Amino acid sequence: MRIAFVSFETVHHRDTETNQRFRTVCDLLAERGHDIHWYCAGFWAGEESTYEHDGITYHAVATGTDARSAFLLRLPFVLAAARPDVIHVGPQPPSQVIAATWGATMARAPLVLEWYGDGGIDDTRWTRLAAGRPDRIVTPSELVGTWVRELGADGDCIETIPNPIDCDRIRDVEPGERVDVIYARRLDAGANLESLLLGLAELRDREWQATVVGDGPERAAYEQLAADLRIEDRVTFVGDLDLEDRIAAYRGAHVFAQTADHCVFPTEMLWALAAGCVGIVEYHANSSAHELVEGRDRGFRTTSEAELAEAILAAGDLEHRTYDEAFADYDRSAVADRYLERYRTLRDEHGVL
1346 MRIAFVSFET VHHRDTETNQ RFRTVCDLLA ERGHDIHWYC AGFWAGEEST
1396 YEHDGITYHA VATGTDARSA FLLRLPFVLA AARPDVIHVG PQPPSQVIAA
1446 TWGATMARAP LVLEWYGDGG IDDTRWTRLA AGRPDRIVTP SELVGTWVRE
1496 LGADGDCIET IPNPIDCDRI RDVEPGERVD VIYARRLDAG ANLESLLLGL
1546 AELRDREWQA TVVGDGPERA AYEQLAADLR IEDRVTFVGD LDLEDRIAAY
1596 RGAHVFAQTA DHCVFPTEML WALAAGCVGI VEYHANSSAH ELVEGRDRGF
1646 RTTSEAELAE AILAAGDLEH RTYDEAFADY DRSAVADRYL ERYRTLRDEH
1696 GVL
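Position in the sequence shown (first residue = 1) + 1345 = the working numbering.
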């Protein structure tokens, strides 16, 4: 299948969660042997109009100081000439969704909008126009789906597809040191690690060890808080770890705690749950993390430090695992199948042979 991805920016321009998600979808489908073309602003050296990298062909629709305006003007005609089977567009800038819609009409191809929602979704005239254009809108969570519906999008065209993980990779990594609780995130203002530290402080008369993975501008403040709470000898801050080391840490841990106040999809938590951790989530209105534990025997949703402490105690009654097959549906192959199934359904609805 020939699939056209449309995003003015790529991870090569700016490394954001939204751009990473779009690149991940491209990678999933390229791994399955599909013909993947990304239409974007040029980012490579030289005069060539295309650039091939890791199974993806990038097309420079525009370059230079007026690249965005030129990109929007040229995009419909470039897509029409390419005649892809499916057009998959990102939401930033929202005006590119309108341009891609014209291209999809000219190419007689269905249009899928990937709306990740990192940083929230601004309610503007352009975002409302974008929400009403595609044949299908894909979001990473029900939370983002709600935000998109609030813009006026048809709820029937919104589908939730999560970030993928690699289950084989989890099983191939040896479990790390046994710890009772683990937390992993960039330690910035949104980390809300204080909730976990306060909950752990309520259990200082119990035997436990905790690990904090990640670094950031608030790390020193969190280390000081642990000292002020007199639990610094039981909380180990290990800094940033690569994925393999994080997987090993998750396979060794019993509980993964998610307390961040903003999260459109808890990817690290998903890795940890698949690696056998019991999930404990502190509920926040702008976080979707609770969606991963709702209805699961090995998951708890809390709303306060006291409830979090109680959940850690209750989790102690559950067996320690190093892999949970219940999360096989989040594997890369399963997520790729969901995209391909959606593409084929849309092509059938469009009468494309």
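We put the beta carbon where it would ideally sit given N, CA and C, even for glycine.
Just so it is clear, the structure is predicted and the values come from calculations on it, not from any experiment.
Is the CB-CB distance between I1515 and Y1668 below 8 Å?
-> In the sequence shown, counting from the first residue as 1, residue 1515 sits at position 170. In the sequence shown, counting from the first residue as 1, residue 1668 sits at position 323. Going by C-beta atoms, I1515 is nearer than 8 Å to Y1668.
Nearest residue (CA-CA) to Y1688, options P1429, D1372, L1586 and A1412 = As a position in the sequence shown, residue 1688 is number 343, starting the count at 1. Of P1429, D1372, L1586 and A1412, the residue nearest in Cα terms is P1429.
With DSSP run on the structure shown, which of helix, strand or coil describes E1639?
-> The sequence position of residue 1639 within the sequence shown is 294, counting from 1. Reduced to three states, the DSSP call for E1639 is coil.
Three-state secondary structure (DSSP) at N1631?
-> Within the sequence shown, the letter at position 286 stands for residue 1631. If DSSP states are grouped into helix, strand and coil, N1631 belongs with the strands.
Should L1488 go down as buried or exposed, given a rule of 16 or more other Cβ atoms within 10 Å for buried?
-> In the sequence shown, counting from the first residue as 1, residue 1488 sits at position 143. With 16 or more other Cβ atoms within 10 Å, it is buried.
Between I1625, A1452 and L1420, which lies nearest to S1440 when the distance is taken from Cα to Cα?
-> In the sequence shown, residue 1440 corresponds to position 95, counting from 1. Out of I1625, A1452 and L1420, L1420 has the C-alpha closest to the C-alpha of S1440.
Quick one: Cα of A1593 to Cα of L1663, how far?
-> Residue numbering aside, residue 1593 sits at position 248 when the sequence shown is read from its first letter. Residue numbering aside, residue 1663 sits at position 318 when the sequence shown is read from its first letter. Each residue's alpha carbon lies about 20 Å from the other.
Any idea if L1698 is buried or exposed, counting beta-carbon neighbours within 10 angstroms, 16 or more meaning buried?
-> Mapped onto the sequence shown, residue 1698 falls at position 353. In this prediction, L1698 scores a pLDDT of 47, lower than 50, which makes its location untrustworthy; the coordinate-derived value is nonetheless stated afterwards. Exposed.
Around the C-beta of A1630, are 16 or more other C-beta atoms found within 10 angstroms, so that it is buried, or is it exposed?
-> Residue numbering aside, residue 1630 sits at position 285 when the sequence shown is read from its first letter. Result: exposed.
Can you tell me whether E1393 is buried or exposed, with buried defined as 16 or more other CB within 10 angstroms of its CB?
-> As a first step, residue 1393 must be located in the sequence shown, where it is residue number 48. Exposed: under 16 other Cβ atoms inside 10 Å.
Tell whether a beta-carbon distance below 8 Å holds between R1342 and G1621.
-> Examination of residue 1342 is not possible in this model, given that the chain is present from 1346 through 1698 alone.
Sorted by chain position, which residues of the same chain lie with C-beta nearer than 8 Å to A1375's C-beta, five sequence neighbours on each side aside?
-> Against the sequence shown, residue 1375 aligns to sequence position 30. Correct list, in chain order: I1381, D1399, G1400 and I1401.
Below 7 Å CB to CB, which residues in the same chain sit around E1519 once its five sequence neighbours on both sides are set aside?
-> The count along the sequence shown starts at 1 and reaches residue 1519 at position 174. The answer, listed in chain order, is A1593.
From E1589, G1561, L1548 and L1542, pick the residue whose C-alpha is nearest to that of D1573; which is it?
-> As a working note, residue 1573 is residue 228 in the sequence shown. Selected option, being the one with the closest Cα: L1542.
Terminal residues of the alpha helix (DSSP H) in which W1715 lies = Given that the chain is displayed from residue 1346 to residue 1698, the structure contains no residue 1715 and the question cannot be resolved.
Are the region 1408-1422 and the region 1359-1378 in contact at 8 Å, needing three or more beta carbon pairs?
-> no
Would you mind stating whether L1615 and I1510 have Cβ atoms separated by less than 8 Å?
-> Taking the sequence shown and counting its residues from 1, one reaches residue 1615 at position 270. Taking the sequence shown and counting its residues from 1, one reaches residue 1510 at position 165. The answer is yes: Cβ separation under 8 Å.
Return the chain-ordered list of same chain residues with a C-beta closer than 6 Å to the C-beta of C1371, the five sequence neighbours on each side being excluded.
-> As a working mapping, residue 1371 is identified with position 26 in the sequence shown. The answer, listed in chain order, is F1350, I1381 and I1401.
Opening and closing residue of the alpha helix (DSSP H) in which L1424 lies = Within the sequence shown, residue 1424 is the residue found at index 79, counting from 1. Element bounds for L1424: A1412 to A1427.
Tell me whether E1694 sits in a helix, a strand or coil according to DSSP, three-state version.
-> Here residue 1694 is taken as the residue at index 349 of the sequence shown, counted from 1. In this structure, E1694 counts as helix in the three-state DSSP scheme.
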